[in-house]
Each structure stands twice: as C-alpha cells, then as structure tokens.
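In the numbering used here, the protein residues as written are 101 to 616. Okay, so here's the structure we're looking at.
So this is what it looks like as structure tokens:
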C-alpha cells in the first residue's frame, strides 16, 4: 500500500468519524439552539416523575401542577409505568427519574435490594376507603372465615397496595394465608377490574379491590365488605420520593416541586369542581367513577405533612411522627408475611429513608406561628354508649392475633408478661381506630362452672381495664365477656391432651363493626 493511499484511507476514516459525531451531536445542538432562541431559555429544566394511574397521584401530574411548577422555571414529565415498581426504582437509581411515587410498603419491598436510591420528602395521601376486601356473604361472613373456610379462593392484584391491605389483615388477624407452601387460595388478577370479574362470576369467594370496583361490588346483592381502608390508620400511605442524587445536587428543584405540589392541592381543595373537570379531561374515567374514587383518598397538605407526618416542630416524642410509624408498621407486616426474614429498614433506622428539610422550610415560611391541624388519636377517640342489644347486633370483623395473655395463677390479675403482651396487641389496634373492641375470656374444662365463668370474666375485665387506664381507650369502645369453659377450641389433629388443655384458657380480642 503506497503512502498516498494510506493518507487517503486515514482521511476517509477521520471523515466518517467526524460525520458520525456530527450526526450524534446534531440533536443536542438543535435542542440547545431552540432553547437559547426561545422562551425555553428561561426554564431551569425538566423534572421527571415515575407514576401510575392511582387517582391520588392525579394532582401531581395535573394541568394545575404544571402551571405552578412552571412558575418556578421547571417543566414536568410524568412517566407512567403501570405500577411496575421494580422498573420505577431502577430508573430512580440510574438517574433516569428525578422523583418517584409509591406506597410505603412498595418502597420497602422494592427499594431494599436497590439500596433505597431516594428519600421520602412528602406524604401524598392516605387510602381512606379506596381499597377493601369484599366477599360473598353466604360463604364468608367475617375475616375469621378466611381461615376456617375450606377450598377458599381470593382474587387480588399481586404487588399492589391492595395486596398490602390483605397482607396487613393476614398478619394482624393471624389468618395464615401467606404460610410457605400454602398458595392454593390465591387467584392472582391483572388489576382490580379483573378481580371483580372473578368475584361476580363466582370464580372466587372474596376479592381485594380498589375504587370504583369496591362500589360496583357492593351494589350487587350478597356482597359484604370485610374491611376497608376507611377503617384503618397509616396502613396504605402514598409518598413522594426524591432521588438521593437530586437531593444532593439540585435541592432547589426538590423545593420547587414541593411548593408547586402543595399549591396545587390548595387550589383543588378550594375548587373541587375544577379537580373533577380536569380528571374528566385528562383521563378516560366517567363522572360516576370519579366521585367514589375521590372519596377514598385523603390528601395530605403542607400543614398535615408538617405536623402529622414529619413533625417538623418536634412537639411529639422523637420517633413518634406519623411517617416513621407508618414505615415501621409496614416493615413489620412484610416480615410477618415472609417477604423478609428481618426488617428491610436499613440499619433498623427509618430516618435513613426520610428527609424533612424541605417540608420544614416550606412549613416555617407558610406558617411562622404554626398551623392548627387536628387528627383523632387512633386509640383515644370517643365512642357513644351502646345498649346490650346494640352490642349483640354488631358484626364481628375478626379476631386479632393474640399471644397468650398471662395472669397470676388462678386469678384475674395480669402479670408483667401479660401486660407486655397487651402492649403488642395495642400496636395492631392502632391500625383499626373505628372498630369496637370485644374482649372474651375463656377457661379450661376442669373446675366448677360458676367459678370458671367468674374467672374468665375477671380476666377479660382486667384486659379492658389495662387498655382504658394505660392507653386512654374509651370505655364505651370496650366490652368484656366471660364464657368460662362453655366455648372450647376445636382439637387439632393429633393434638395431645396436655397441649389441648394448655390452649383452652385464653383471652381473645375481636373487632366489631357498628355505629360510633
């Protein structure tokens, strides 16, 4: 090969490389030129949020939100991944998303093996009726029947917030649904509508649904709501997560997004009609679907975020703010259902997952003298008195998971271990603030019937008294009954007499549904 040919080939290669580079750079050059010669020059960038179509997230991607964010110089890009949380958090970790929305449980479930690439900067909303477990009443009357019924089938959407409701109920009421190897009851569905279809076509006995399918199911004869999120507290909580890279490198953008978000909520709160119209314009939902969906969402504004969820003024005991409580409660549910062997919270420190600085700044700027926000304590709320007949007519929701409550031998006096057991029960009671509490005492088969009856009532009353005195639970919410030995447990296959007699003396705590 002569010298001139070599030079020619070299120049040809260089030319090809240059042309290729120009072709790659041309779109960037064009975009830069477009921005520099237009109104876009005043914008500070695009903020990308990973979302799905849960109605609670609508204001975050609404026309009102875009207008408010534009005033800060940012444009908004909402990326709907159809609730693919694994993909959402991968993109957050890779910097392809700046923010992501999720429920607390889904963040714990999917964020742990990705090193939690973000921090929670705001609570968006809490499900208050948006999710529920619906059953065929002739087959399943209450949550206890989910364990007792043979050949049971439940339709649910895997890895959804509604499944977290099912997992929570399973853990709190000790239903045993998620025991290893026990999956015959499961009938996975692709969304709430598909689960409802299985229920209405008699393919399953119960279904975990979200609105508007909850309302559609209850409109049919023979359907009963076993439990809904309107009866729960801090169970399904939606959060806004900012990428850690975003927080460390562009905190102004985080502050801008939150400011725009809370202004959007204020605007829609002042004009619900505008919110509904924007939903109708931006989605394919019908008006009769929108109303029940909105009723199931309790949005958390700036005042609620600052006082109830992040406790920016630290008026409560350190560690008792609502978001930390929700994280710890969700982690415990996931552990009890076998999703983790131990808490997925990094270092068992939930504060590694939150950042209150942005809420704190906005709160202090907006409410220099503090904001008046009241939220009913889930344990000390008032209940109206009921007659014996009214108590008898209430529907049993289910019996809580209760470890044996110990008493001083042959008495109705709680010992120290018994009090500690009740303290653990209270953590479950916190999640269900609207139900009445029935405490039922039972004894073994031996002994004189009247003495057994007296002892069982004394022990049930000791538990209700401890709940009232220690946790300020309204006396009208509590009822104690003693059955003596009249309601023994069924004997388990192969159970020895000794093991059976050990299980019989017990105190059961059930939740009842009825007027407050």
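The beta-carbon is built from N, C-alpha and C at its ideal position, and this holds for glycine as well.
The alpha-carbon of residue 564 is positioned some 34 Å away from that of residue 250. The three-state reading of DSSP puts residue 345 in helix, counting H, G and I together.
Annotated three-state conformation of residue 592 is coil, per DSSP. Residue 580 carries a strand assignment under DSSP once its states are collapsed to helix, strand and coil.
The continuous alpha helix (DSSP H) containing residue 189 extends over residues 185-194. Short of 8 Å from the beta carbon of residue 271, and not among the five residues preceding or following it, lie these beta carbons of its own chain, in chain order: 432, 433, 436, 437, 501. From the listed residues 227, 337, 233, 317, the smallest Cα separation to residue 422 is found for 337.
Around the CB of residue 173, fewer than 16 other CB atoms lie within 10 Å, so the residue is classed as exposed. For residue 498, DSSP records a beta bridge to 611. If the five residues before and after residue 573 are omitted, its C-beta is found closer than 6 Å to the C-beta atoms of 479, 567, all from its own chain and listed in chain order.
Contact between residue 582 and residue 553 holds, since their C-beta atoms are separated by about 6 Å, short of 8 Å. In this structure, the alpha-carbon of residue 452 lies about 13 Å from that of residue 211. Here the alpha carbon of residue 588 sits roughly 19 Å from the alpha carbon of residue 512. When DSSP reads this structure, residue 325 sits in a beta bridge with 234. By the beta-carbon neighbour count (other beta carbons within 10 angstroms, threshold 16), residue 157 is buried.
Counting along the chain, residue 365 sits inside no beta strand (DSSP E); it lies in the alpha helix (DSSP H) bounded by residues 351-370.
By the Cβ rule, the segment 172-191 does not count as touching the segment 239-255, because fewer than three pairs are nearer than 8 Å. In terms of Cα proximity to residue 302, the closest of 340, 282, 252 is 252. DSSP places residue 309 outside any alpha helix (DSSP H); the residue lies instead in the beta strand (DSSP E), whose first and last residues are 306-310. Following the DSSP letters along the chain, one finds residue 207 inside the alpha helix (DSSP H) bounded by residues 204-211. Bounds of any alpha helix (DSSP H) do not take in residue 574, whose DSSP letter is neither H nor E.
Apart from sequence neighbours up to five positions away, the residues of its chain that approach residue 385 with a beta-carbon distance below 7 Å are 379, ordered along the chain. For residue 287, the three-state secondary structure derived from DSSP is strand. By the C-beta criterion, the segment 286-297 is judged not to be in contact with the segment 339-357, since fewer than 3 inter-stretch pairs fall below 8 Å.
Under DSSP, residue 338 shares a beta bridge with 203, 225. Excluding residues up to 5 positions away in sequence, 257 lie with their Cβ nearer than 6 Å to the Cβ of residue 291 in the same chain. When the alpha-carbon of residue 360 is set against those of 601, 147, 585, the nearest one is in 147. About 6 Å separates the beta carbon of residue 497 from that of residue 327, a gap short enough to meet the 8 Å contact definition. Taking 7 Å as the cut-off, the Cβ atoms of residue 228 and residue 329 count as close. Inter-residue distance for residue 395 and residue 261 is about 17 Å (C-alpha atoms, whole angstroms). Sixteen is the threshold: since fewer than 16 other Cβ atoms of the shown chains lie within 10 Å of the Cβ of residue 569, the residue is exposed. Residues of the same chain with a CB within less than 6 Å of the CB of residue 274, apart from the 5 flanking positions on each side, are 501 in chain order.
Residue 407 sits in a helix when the DSSP states are folded into three classes. Exclusion of the five residues before and after residue 242 leaves 326, 495, 496, 497, 498 as the residues of its chain whose Cβ lies within less than 8 Å of its Cβ. Nearest C-alpha to residue 392 among 310, 238, 166: 310.
Between the beta-carbon of residue 152 and that of residue 180 there is about 6 Å, and that keeps the pair under the 8 Å contact cut.
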